[in-house]
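A short worksheet on the structure shown next.
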Amino acid sequence: MAGTSARVVGTLGTAQTLAWASSYYLPAMLAAPMASELGLPSPMVYAAFSGALVASALVGPWAGQAIDRHGGRIVLLGTSLLFSLGLAMLGLTQGPWSMVIAWLVIGVAMGSGLYEAAFSSLVRLYGQNARGAITGITLIAGFASTVGWPMSAWMEAQFGWRGACFGWAAMHLLIGLPLNARLPGTPTGARTGMPPVDAPAQAVPSSAQAPDRPRTATALLAFVFAATWFISTAMATHLPRILEAAGASLAAAVGIGALIGPSQVAGRMLEFGLLRSVHPLLSARLAALAHPAGVAVLLAAGPALAPAFAILHGAGNGILTIAKGTLPLALFGTQGYGARQGWLMMPARVAQALSPFLFGLALDAWGANALWLSGAIGLAAFGALMLLRAPASSFRIH
473 MAGTSARVVG
483 TLGTAQTLAW
493 ASSYYLPAML
503 AAPMASELGL
513 PSPMVYAAFS
523 GALVASALVG
533 PWAGQAIDRH
543 GGRIVLLGTS
553 LLFSLGLAML
563 GLTQGPWSMV
573 IAWLVIGVAM
583 GSGLYEAAFS
593 SLVRLYGQNA
603 RGAITGITLI
613 AGFASTVGWP
623 MSAWMEAQFG
633 WRGACFGWAA
643 MHLLIGLPLN
653 ARLPGTPTGA
663 RTGMPPVDAP
673 AQAVPSSAQA
683 PDRPRTATAL
693 LAFVFAATWF
703 ISTAMATHLP
713 RILEAAGASL
723 AAAVGIGALI
733 GPSQVAGRML
743 EFGLLRSVHP
753 LLSARLAALA
763 HPAGVAVLLA
773 AGPALAPAFA
783 ILHGAGNGIL
793 TIAKGTLPLA
803 LFGTQGYGAR
813 QGWLMMPARV
823 AQALSPFLFG
833 LALDAWGANA
843 LWLSGAIGLA
853 AFGALMLLRA
863 PASSFRIH
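Sequence positions in the sequence shown follow the numbering used here and run 473 to 870.
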């Protein structure tokens with residue numbers, strides 16, 4: 473990938489790293505000190521985070537439709553400001569209600585500024601040729617947890633959790649806003665001859681327009697996304713505690729957790745390389761098995777093989793993140809992609825919202841054996857992917 477597209481990928485990938493690190497990966501490091509200072513139980517902080525995920529689900533279709541119509545730059549610029557505002561409000565919070573309001577503002581920013589918005593922006597720019605660009609930004613943003621957890625922990629140790637929130641808010645203004653401002657305002661397709669997303673219906677594979685296919689495929693795909701996001705959110709929120717329950721020390725758990733970011737990137741490089749020539753459906757099926765395999769290894773062998781669990785989970789999650797962008801493109805085409813992404817991801821956001829609380833309860837009750845739950849959900853996602861079929865006239869996504 474060269475020229476304009478490479479610059480777009482680098483710019484958007486860096487902005488996405490910041491967005492994920494300062495929102496999705498924030499509670500793992502700041503929830504405990506936040507709850508302690510505010511005199512709240514930790515589950516209340518996670519409940520507020522869950523509220524943010526519900527807000528993001530409601531905002532998603534609207535943001536996708538806005539990107540379909542106007543492109544991604546203006547939407548992503550707005551989310552940089554929203555992220556900064558929400559994080560500053562979180563740093564100023566004095567009690568449960570102001571904390572909830574701050575998280576809701578962050579949730580609106582998440583619904584219009586994380587991967588779904590980035591993927592929709594790329595499809596708006598590059599149409600059916602967006603697969604490589606989608607992979608590219610996830611290669612960069614795959615380091616969000618590797619960057620975000622240590623950065624949040626360092627800022628919290630140096631300046632307290634409020635200072636960490638203010639630090640992330642400042643980074644959105646000083647780094648995220650200028651990066652999103654560099655995105656092209658006009659679809660590349662308008663200059664290169666590529667059809668834009670709102671091109672006539674021939675941009676969509678004919679088999680994807682059959683009346684019965686979209687309903688079945690949409691339901692299956694929405695379930696897959698909900699299942700896999702439930703798992704990824706549970707791991708992002710509770711991984712250090714899970715590994716401690718499995719017998720690892722806190723220091724080892726943090727170190728092992730840091731393997732997930734590079735493993736996600738390794739999985740995405742595999743998708744970009746060896747799996748690039750195959751249909752996204754095949755790579756998604758292989759990836760869906762990775763977390764259940766890691767669960768089996770960890771629970772059978774104990775903490776000695778905890779790094780293998782982290783690597784398998786991270787690699788599978790990395791590929792599945794790409795699949796969230798490429799599968800709808802492969803199955804349904806480019807027309808109305810952004811709005812469709814918003815609706816497809818709405819159940820996933822609700823699953824995300826419930827995941828920290830529900831998996832936390834399972835972890836309290838069962839300890840490390842709670843991983844059997846996430847493993848079973850992963851197998852169910854694999855089963856749904858096996859029921860999906862690529863359109864007979866499916867085009868190749870480059």
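Idealized CB from N, CA, C, for every residue including glycine.
* Asked: Roughly how many angstroms lie between the CA atoms of VAL822 and ALA698, to the nearest whole one?
  -> Taking the first residue of the sequence shown as 1, we reach residue 822 at position 350. Taking the first residue of the sequence shown as 1, we reach residue 698 at position 226. For VAL822 and ALA698, the distance between alpha carbons rounds to 8 Å.
* Three-pair Cβ contact test at 8 Å for the region 809 to 827 versus the region 737 to 744 -> No, because fewer than three Cβ pairs between the region 809 to 827 and the region 737 to 744 fall closer than 8 Å, the two stretches do not touch.
* **Residue interval of the alpha helix (DSSP H) (run including ILE794)** => In the sequence shown, counting from the first residue as 1, residue 794 sits at position 322. Per DSSP, the unbroken alpha helix (DSSP H) holding ILE794 starts and ends at 778 to 804.
* Count the CB pairs spanning the region 784 to 797 and the region 501 to 509 that are closer than 8 Å, and state whether there are at least three. => The region 784 to 797 makes no contact with the region 501 to 509: fewer than 3 CB pairs, one atom from each, lie closer than 8 Å.
* To do: Measure the C-alpha to C-alpha separation of ALA491 and SER749 and round it to an integer number of angstroms.
  => Within the sequence shown, numbered from 1, the residue matching residue 491 stands at position 19. Within the sequence shown, numbered from 1, the residue matching residue 749 stands at position 277. When rounded, the distance between both Cα atoms is 30 Å.
* Select from LEU851, LEU777, LEU747 and TRP534 the residue whose C-alpha is nearest the C-alpha of VAL696. => The residue given as residue 696 occupies position 224 in the sequence shown. When each option's Cα is compared against that of VAL696, the closest is LEU851.
* To do: Would you tell me roughly how many angstroms separate the C-alpha atoms of GLY599 and ALA641, rounded to the nearest one?
  => The residue you call residue 599 lines up with position 127 of the sequence shown. The residue you call residue 641 lines up with position 169 of the sequence shown. Each residue's Cα considered, the two are about 33 Å apart.
* Asked: When we look at the beta-carbon of TRP838 and count the other beta-carbons within 10 Å, is it buried (16 or more) or exposed?
  -> By one-based count along the sequence shown, residue 838 stands at place 366. When all chains shown are included, TRP838 counts as exposed.
* Whose C-alpha, out of ALA590, ALA581, ILE606 and SER570, is nearest the C-alpha of THR798? -> Against the sequence shown, residue 798 aligns to sequence position 326. Measuring from the Cα of THR798, the nearest candidate turns out to be ILE606.
* **The alpha helix (DSSP H) enclosing VAL580, as first and last residue numbers** => As a working note, residue 580 is residue 108 in the sequence shown. Under the DSSP assignment, VAL580 falls in the alpha helix (DSSP H) whose first and last residues are 568 to 585.
* To do: Check LEU816 in the structure and name its three-state DSSP category.
  => Taking the first residue of the sequence shown as position 1, residue 816 is located at position 344. LEU816: helix per DSSP, three-state reduction.
* **Span of the alpha helix (DSSP H), counted from its first residue to its last, around TYR518** => Translated into positions along the sequence shown, residue 518 becomes position 46. Residues 514 to 542.
* Asked: Near LEU651, which residues of its chain fall below 7 Å by C-beta distance, leaving aside the five closest residues on each side in sequence?
  -> In the sequence shown, residue 651 corresponds to position 179, counting from 1. So the qualifying residues of the chain are THR483, THR486 and ALA487.
* Got a sec, what are the start and stop residues for the alpha helix (DSSP H) ILE647 sits in? -> For the purposes of this step, residue 647 is taken as the residue at position 175 of the sequence shown. Under the DSSP assignment, ILE647 falls outside any alpha helix (DSSP H); it carries neither an H nor an E label.
* With DSSP collapsed to three states, give me the class of GLN824. => By 1-based counting over the sequence shown, the position of residue 824 is 352. For GLN824, the secondary structure class from DSSP, reduced to helix, strand or coil, is helix.
* Short check: CB of ALA581 to CB of LEU548, under 8 Å? -> Locating residue 581 in the sequence shown gives position 109, where the first residue counts as 1. Locating residue 548 in the sequence shown gives position 76, where the first residue counts as 1. Contact: no.
* For the candidate residues ARG596, ALA529 and ARG687, whose alpha-carbon lies nearest to that of GLY808? -> As a working mapping, residue 808 is identified with position 336 in the sequence shown. When ARG596, ALA529 and ARG687 are compared, the shortest CA-CA separation from GLY808 is found for ARG596.
* **Contact under 8 Å by Cβ, GLY632 with ALA493** => For the purposes of this step, residue 632 is taken as the residue at position 160 of the sequence shown. For the purposes of this step, residue 493 is taken as the residue at position 21 of the sequence shown. No, the Cβ-Cβ distance between GLY632 and ALA493 is not below 8 Å.
* To do: Confirm the yes/no value for this check: CB of SER827, any heavy atom of the ligand SAM, distance under 7 Å.
  => As for the ligand SAM, it is missing from this structure, which has no ligand bound.
* Asked: In three-state DSSP terms, what is TYR809?
  -> Position 337 of the sequence shown, counting from 1, holds the residue named residue 809. If DSSP states are grouped into helix, strand and coil, TYR809 belongs with the helices.
* To do: Would you give the residue range spanned by the alpha helix (DSSP H) that PHE744 belongs to?
  => Counting from one through the sequence shown, the residue named residue 744 turns up at place 272. That run of the alpha helix (DSSP H) goes 732 to 744.
* State the DSSP-derived secondary structure class of GLY832, mapped to helix, strand or coil. => Counting from 1 along the sequence shown, the entry for residue 832 is found at position 360. Under the three-state reduction of DSSP, GLY832 is assigned to helix.
* Do ILE728 and ALA720 come within 8 Å of each other at the CB atom, strictly closer than that value? -> On the sequence shown, position 248 is the one that residue 720 refers to. On the sequence shown, position 256 is the one that residue 728 refers to. ILE728 sits close to ALA720, with the two beta carbons spaced by under 8 Å.
* **Cβ-based neighbour list, GLY546, same chain, cut-off 7 Å, excluding 5 preceding and 5 following** => As a position in the sequence shown, residue 546 is number 74, starting the count at 1. The residue you asked about is not Gly; residue 546 is Ile in the sequence shown. Cβ neighbours of ILE546 beyond the five flanking positions: none.
* Which residue from LEU649, GLY511 and SER584 puts its Cα closest to that of ALA538? -> Here residue 538 corresponds to residue number 66 of the sequence shown, with the count starting at 1. Out of LEU649, GLY511 and SER584, SER584 has the C-alpha closest to the C-alpha of ALA538.
* Three or more beta-carbon pairs under 8 Å between the region 799 to 818 and the region 564 to 580, yes or no? -> The region 799 to 818 makes no contact with the region 564 to 580: fewer than 3 CB pairs, one atom from each, lie closer than 8 Å.
* To do: Note down, in chain order, each residue of its chain lying with its Cβ closer than 6 Å to the Cβ of THR793, except the 5 sequence neighbours on either side.
  => The sequence position of residue 793 within the sequence shown is 321, counting from 1. If we look at THR793 and ignore the five residues flanking it on each side, its Cβ neighbours are THR610.
* Could you check how far apart the C-beta atoms of SER592 and GLN736 are, in whole angstroms? I think they sit under 8 Å. => Start at 1 with the first residue of the sequence shown, and residue 592 comes out as number 120. Start at 1 with the first residue of the sequence shown, and residue 736 comes out as number 264. About 21 Å; that fails the 8 Å criterion.
* Once you ignore the five residues that flank SER528 on each side, which residues in its own chain have a CB closer than 6 Å to its CB? -> Taking the sequence shown and counting its residues from 1, the one referred to as residue 528 is at position 56. So the qualifying residues of the chain are GLY579, MET582, GLY583 and ARG821.
* In or out: TRP575 buried (at least 16 other Cβ within 10 Å) or exposed? -> Sequence index remark: in the sequence shown, residue 575 carries index 103 (1-based). With 16 or more other Cβ atoms within 10 Å, it is buried.
* Quick one: Cα of ALA616 to Cα of THR489, how far? -> Your numbering for residue 616 matches position 144 in the sequence shown. Your numbering for residue 489 matches position 17 in the sequence shown. Linking ALA616 to THR489 through their CA atoms gives a straight-line distance of about 5 Å.
* To do: Specify whether the region 761 to 771 and the region 830 to 849 touch according to this definition: at least 3 beta carbon pairs, one from each stretch, less than 8 Å apart.
  => Proximity of the region 761 to 771 to the region 830 to 849 meets the contact definition, three or more beta-carbon pairs being nearer than 8 Å.
* Using the C-alpha atoms, what's the distance from THR618 back to ILE612? -> Translated into positions along the sequence shown, residue 612 becomes position 140. Translated into positions along the sequence shown, residue 618 becomes position 146. Going by the C-alpha atoms only, they are around 11 Å apart.
* Quick one: give me the first and last residue of the alpha helix (DSSP H) that ALA773 is part of. => If you number the sequence shown from 1, residue 773 lands on position 301. For ALA773, the enclosing alpha helix (DSSP H) begins and ends at 762 to 773.
* Is the distance from the Cβ of GLY847 to the Cβ of PRO764 below 8 Å? -> Reading the sequence shown from its first residue, position 375 is the one you call residue 847. Reading the sequence shown from its first residue, position 292 is the one you call residue 764. Yes. Within cutoff.
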